[in-house]
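S.K.:
2 protein chains.
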Amino acid sequence: MGNAVKGADLLVRSAVASGVEVCFSNPGTTELPLVAALDSVPGMRAYLGLFEGVCTGAADGYGRMLGKPAMTLLHLGPGLANGISNLHNARRAGTPVFNVIGEHVTWHRPADPPLAMDIESMAAAVSGWRRTSTSAESLGRDAAEAVAASLKGQIATLIVPQDHQWSECEDDGISPMPEYPMQTREFPLEDAVRVLRSGKKTALIIGGRGLQREGLVQAARIRAVAGCDLLAECFPAHMERGAGLPDLQRIPYFPEMAITMLAAYQCVILAGAQKPVAFFGYKGMESPLLRDDQRCIYLGDGRDMQKGLKDLADALGAPASPDRSILARLKRPGLPEGPLSGAIICTLLAALQPEGAIIVDESITSGAHYYPQSGGAPQFSLLTLTGGSLGLGPSCAVGAAVACPDRPVINLEADGSCMYTVQALWTQAREGLNVTTLICANRSYNILKVELARAGVSYKGGNTANLLDLSGIDWVSIGQGLGVPSTRVRTAQELAVELQKALAEDGPHLIEMFL
Amino acid sequence: MGNAVKGADLLVRSAVASGVEVCFSNPGTTELPLVAALDSVPGMRAYLGLFEGVCTGAADGYGRMLGKPAMTLLHLGPGLANGISNLHNARRAGTPVFNVIGEHVTWHRPADPPLAMDIESMAAAVSGWRRTSTSAESLGRDAAEAVAASLKGQIATLIVPQDHQWSECEDDGISPMPEYPMQTREFPLEDAVRVLRSGKKTALIIGGRGLQREGLVQAARIRAVAGCDLLAECFPAHMERGAGLPDLQRIPYFPEMAITMLAAYQCVILAGAQKPVAFFGYKGMESPLLRDDQRCIYLGDGRDMQKGLKDLADALGAPASPDRSILARLKRPGLPEGPLSGAIICTLLAALQPEGAIIVDESITSGAHYYPQSGGAPQFSLLTLTGGSLGLGPSCAVGAAVACPDRPVINLEADGSCMYTVQALWTQAREGLNVTTLICANRSYNILKVELARAGVSYKGGNTANLLDLSGIDWVSIGQGLGVPSTRVRTAQELAVELQKALAEDGPHLIEMFL
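Encoded structure:
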């Protein structure tokens, strides 16, 4: 016979036993037994976000860096709703997230109290795995299964009525985590091998974990024997780059440019990437970026792609060493001077970013030049806006910094995007995280100006101008108000000084780059 | 034969013809044709929110004040998700909202591009009426039907693929709005009349529009003839109060207090209010706040209650004039002095608030004393947190100020709550809205401390303390960073000076009340 234990304790204990170490939370009354369990059960550290999008974005950043889930703890339907936007980015990134949402006490829910919502339907929009608990006893197993499910590269959402959290049941030990099936998967390699040996012009489009070191090295082995081109998907979740690693071309955002890049290939092998499609639909343009006559071979999911690329390289009889001709050499741009522009910011960052940096890029139009400039920097990680849902950067940076406390995190961030989850700066300050936020302050939703121009729409003042204009934000005051030392720069020289200062000091910093 | 017209123009023209005058928006690429239509079609003014929760909260505040819908314009699934939390509050308030969400081009959606989500399922969680458009031609009728549906006191969500917005079709004139059935509804009054004439101790629990002047006056007529007590629902959407109006007791938040208040009544008539239930479920406590032996009579919906109460008064043969004994007399508390506390803030606000003020109360624990203190103030409107979803106040204040530019708006706001939609301050500044934000800065999620104490949970530091603590926010810097003149006060005397100054000056102000 076991001792009595609360359901909340079972859940947390099982999550800890399954390897979950942190919880990004914004709890309410219906989550308080789980909050208490975060203290009564050792092994998990809780981080407060002052808005739920901070919590889910942090869980995304954490999962992208470590390949294992953080737990979230969100308050009922509204808490989930506030977190959905960044859960969407995490879903597109294939990030494991253990998403826990409190629910009203089971006997209270039918009374339709003010906070009651249809949590399950909303959770379905982002969750690959989803369950509402049925008892306190089940919470250990529920948590273990959720964590295991998340490791398939998806959001696993567990909805837990408050009485299941506080009720006591018999303690039957820790629920074992169901076996994680990733490493056992086999890839159908025959088609890819045949194409790569055929002499046809072929591109390997790499995505997911295939863009981390091990996958890239295997891709360069494949190139050594097959001569194919190596491309990166448009929005990598976590790509490792820099001197010594293969320097991949990245599929551009705008469809015309992407179609041009891809046009010459007779075959494309999707190694952890989705079949490329336009980001938006445009008049007179189809969704796919490949023609029907361009053969497409799907190798496997992004989460499995380190093994998938190794298997393919081995099947091709590739040499152990990669094609060294595509490994980037250490080559930094010179330090630019003069008034700031998007291009100058990108050049300067590429010139100064330290080895091991984690670059969270949500710079939208201002950062267009960063990727081509940064290929020869010391090795670093690049995290991008996988789902297109604005407000990822500052919170993703929180999670990356918690996951990798010894690496500097630099968030190259648009002013419009930052405002969606500006509350993340407070968490950076409270936790003393080594995050430098570089705000590209162009004071407009510039991407919409670009899209209006593409559509041939002109406007003059009026509602349109009003809806695109972001002037009147003082980022230095906002950053300081949230506890982050902040400064404003207008020239490349000033930016160089302030960036180096921020990187030399512990804790978060914000630099408003006035464009 | 008509001329060619774009679907987006049809939608906006029809909305304008149906009485929609403002659009609270945060658009993206898939909404750009509708943005352009906001200029090509005259009659609607667009307001930018830097986060979608600002837009939906503003639409709620606007609708609560005017009883007619504002339009929102939100970007795909993430835009909707960010706005759901305040749509939930609007749903609980019975506020009409015309909620418009862009969707990918119809032929592009099946390609599952990065931003694609299941918008319909998420919209269902908050929408009483919901439709995805099927063509450009239908958009005029879609908008008219949506606006009509919203006037039933609900969220009407129209999802519009971008190609329907930009496509041209034949112009067949403005779609007429389906007739709004509110004024024709009949109320079954017999049971209520019988109970009120029976001599049984009866309470009239008033909600919805019954809490505005016309409803309150009718309720006081009923009291004059029947002697019943008049109670207000716990979280009024828009209640009119002050000298000359009936002074209603309000049902308390904590269930023990509410049960005590309601225990003596043999009968309860729900006049636009829901059957009272506890806000949360608690151990050993049932959800309903009324016993089974307390008879409950449902009079009708909150939106119809001005007519419902008049019909009931007439059926009772009530005199034209109300029971004057329950009309509040002008009676202000004296100006308090000393260090600030929640009670002192409430007293001071009641002492100084100007005639016609719109008080948006999201002060949670700090504002507990405001309601009893303010009954004798000059007449004002009180808007509260109907759905319990935090982050309503600053955005609801935006909408109320846009709706009623000649009335001062005072947002009594908790620091924790404000942080959820802090971006609303920017819209207040840009639009020069007469909103004074009073931040109750107690630097904690104090309601959770109260709930932990109620549950008998003690804690010492650790994760629990960490998750309840909000220290480190400088509201003066944040307010100024968003363009709102801001100041900090620590005593009642300082608050009195700054509040009067803020009310005397045009445009928004923020006062951090350091507790």
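So the protein sequences, as listed, match chains A and B. Under the numbering used here, the first sequence has 1223 at position 118, and the numbering climbs by one with no breaks. Under the numbering used here, the second sequence has 1432 at position 327, and the numbering climbs by one with no breaks. Positions of the beta carbon are idealized from the N, C-alpha and C atoms, including for glycine. All values reported here derive from a predicted model rather than from experimental measurement.
1) Taking only beta-carbon positions, decide if CYS1451(B) is within less than 9 Å of chain A.
2) Please report whether the beta-carbon of GLN1399(B) lies at a distance below 9 Å from any beta-carbon of chain A.
3) Please give me, in chain order, every unbroken run of the alpha helix (DSSP H) with length at least 4 that falls completely inside the region 1514-1592 of chain B.
4) So, is ARG1299(B) buried or exposed, given that buried needs 16 or more other C-beta atoms within 10 angstroms?
5) Rank LEU1321(A), ARG1355(A), ILE1515(A) and ILE1356(A) by C-alpha distance to the C-alpha of GLY1349(A) and give the top, closest one.
6) Which residues share a DSSP beta bridge with MET1344(A)?
7) Taking the continuous beta strand (DSSP E) assigned at TYR1152(B), which residues delimit it?
8) In chain order, what residues of the region 1149-1177 of chain A put their CB closer than 9 Å to some CB of chain B?
9) Would you mind listing the alpha helix (DSSP H) stretches within the region 1169-1243 of chain A that are 4+ residues and don't spill past its ends, in chain order?
10) Reducing DSSP to helix, strand and coil, say where TYR1475(A) ends up.
11) Would you say ASP1611(A) faces chain B, with C-beta separation under 9 Å as the test?
12) Does the count of Cβ pairs from the region 1258-1268 of chain B and the region 1201-1216 of chain B closer than 8 Å reach three?
13) In angstroms with no decimal places, state the Cα-to-Cα distance between PRO1477(A) and LYS1554(A).
14) At the level of alpha carbons, what is the spacing between VAL1127(B) and LEU1587(A)?
15) I'd like to know if CYS1545(B) contacts chain A, where contact means its C-beta is closer than 9 Å to some C-beta of that chain.
16) Could you name the residues of the region 1213-1227 of chain A whose beta carbon sits closer than 7 Å to any beta carbon of chain E, in the order they occur along the chain?
17) Which residues of chain B have a Cβ atom closer than 9 Å to the Cβ of GLU1556(A), listed in chain order?
18) GLN1270(A) by DSSP, collapsed to three states: which one?
19) Compare the C-beta of ASN1571(B) with all C-beta atoms of chain A and state if any pair is closer than 9 Å.
20) Verify whether the separation of the beta carbon atoms of GLU1225(B) and GLY1184(B) is less than 9 Å.
21) By alpha-carbon positions, which one of GLU1275(A), ALA1228(A) and LEU1336(A) ends up nearest to GLY1245(A)?
22) Against chain A, which members of the region 1191-1211 of chain B pass a CB distance test of less than 7 Å?
23) Just reading off the alpha helix (DSSP H) that GLY1144(A) is part of, what are its end residues?
24) Excluding five sequence neighbours on each side, which residues of the same chain lie with their C-beta closer than 7 Å to the C-beta of LEU1608(B)?
25) Looking at C-beta atoms only, is the number of pairs between the region 1466-1476 of chain A and the region 1125-1144 of chain A that lie closer than 8 Å three or more?
26) Could one say the Cβ of GLY1233(B) lies closer than 9 Å to chain A's Cβ atoms, at least one of them?
27) Do the region 1492-1511 of chain B and the region 1166-1177 of chain A touch if we need at least three Cβ pairs shorter than 8 Å?
28) Mind the definition here: the region 1346-1365 of chain B touches the region 1309-1327 of chain B only if three or more C-beta pairs lie below 8 Å; say whether that holds.
29) Between GLY1561(B) and PHE1385(B), what straight-line distance do the alpha-carbon atoms span, to the nearest angstrom?
30) Going straight from the alpha carbon of GLY1480(B) to that of LYS1436(B), what length do you get?
31) Between which two residues does the beta strand (DSSP E) carrying LEU1615(B) extend?
32) Rounded to the nearest angstrom, what separates PHE1619(A) and SER1563(A) at their Cα positions?
33) Which residue from LEU1137(A), GLY1389(A), THR1307(A) and ARG1355(A) puts its Cα closest to that of SER1272(A)?
34) Measure from the C-beta of ALA1229(B) to each C-beta in chain A and report whether the shortest distance is under 9 Å.
35) With 7 Å as the C-beta to C-beta threshold (strictly closer), list the residues of the region 1582-1602 of chain B near chain A in chain order.
36) With contact counted as at least three CB pairs below 8 Å, one residue from each stretch, are the region 1305-1313 of chain B and the region 1327-1347 of chain B in contact?
M.R.: Concretely, from the data shown:
1) Contact of CYS1451(B) with chain A is not assigned, every C-beta pair being separated by 9 Å or more.
2) Residue contact check for GLN1399(B) against chain A: no CB pair falls below 9 Å.
3) If one requires a minimum length of 4 residues, the alpha helix (DSSP H) runs lying completely within the region 1514-1592 of chain B are 1520-1525, 1529-1535, 1551-1559, 1567-1573 and 1580-1586, in chain order.
4) Around the C-beta of ARG1299(B), fewer than 16 other C-beta atoms lie within 10 Å, and the residue is accordingly described as exposed.
5) Measuring from the Cα of GLY1349(A), the nearest candidate turns out to be LEU1321(A).
6) Its beta-bridge partners are LEU1487(A).
7) Note, TYR1152(B): beta strand (DSSP E), 1150-1153.
8) So the close ones are MET1149, ARG1150, ALA1151, TYR1152, LEU1153, LEU1155, PHE1156, GLU1157 and GLY1158.
9) Runs found: 1181-1198 and 1224-1229.
10) When secondary structure is reduced to three states using DSSP, TYR1475(A) falls in the helix class.
11) So no, ASP1611(A) is outside the interface.
12) Flag = yes, the region 1258-1268 of chain B and the region 1201-1216 of chain B touch.
13) For PRO1477(A) and LYS1554(A), the distance between alpha carbons rounds to 23 Å.
14) Computed Cα separation, rounded: 32 Å.
15) Cβ-Cβ to chain A under 9 Å: no for CYS1545(B).
16) This model lacks chain E altogether, as its protein chains are A and B.
17) Ordered by position in chain B, the residues that pass the 9 Å Cβ test against GLU1556(A) are GLY1133, THR1134 and LEU1137.
18) GLN1270(A): helix per DSSP, three-state reduction.
19) Yes, contact with chain A.
20) Their beta carbons are not under 9 Å apart, which means GLU1225(B) does not touch GLY1184(B) by this criterion.
21) Taking only the C-alpha atoms, the option nearest GLY1245(A) is GLU1275(A).
22) Flagged, chain order: HIS1193, ARG1197, HIS1209 and VAL1210.
23) Strictly speaking, residue 1144(A) in this sequence is Asp, with Gly absent from that position. Segment 1137-1145, the alpha helix (DSSP H) holding ASP1144(A).
24) Counting only Cβ-Cβ distances below 7 Å, and skipping sequence neighbours, we find PRO1459, PRO1513 and THR1541.
25) Judged by Cβ distances under 8 Å, the region 1466-1476 of chain A makes no contact with the region 1125-1144 of chain A, as fewer than three pairs qualify.
26) Cβ-Cβ to chain A under 9 Å: no for GLY1233(B).
27) Three or more beta-carbon pairs separated by less than 8 Å are not found between the region 1492-1511 of chain B and the region 1166-1177 of chain A, which leaves the two stretches without contact.
28) The region 1346-1365 of chain B is in contact with the region 1309-1327 of chain B.
29) Straight across, the Cα-Cα distance linking GLY1561(B) with PHE1385(B) is about 16 Å.
30) One C-alpha to the other measures close to 8 Å.
31) Annotation: the continuous beta strand (DSSP E) that includes LEU1615(B) extends over 1614-1619.
32) It is roughly 26 Å from the alpha-carbon of PHE1619(A) to the alpha-carbon of SER1563(A).
33) The option with the nearest alpha carbon to SER1272(A) is LEU1137(A).
34) Closer than 9 Å to the CB of ALA1229(B) there is at least one CB belonging to chain A.
35) Per Cβ criterion, the list reads SER1582, ILE1583, GLN1585, GLY1586, LEU1587 and GLY1588.
36) Counting C-beta pairs with one atom in each stretch, the region 1305-1313 of chain B and the region 1327-1347 of chain B have three or more that are closer than 8 Å, which means they touch.
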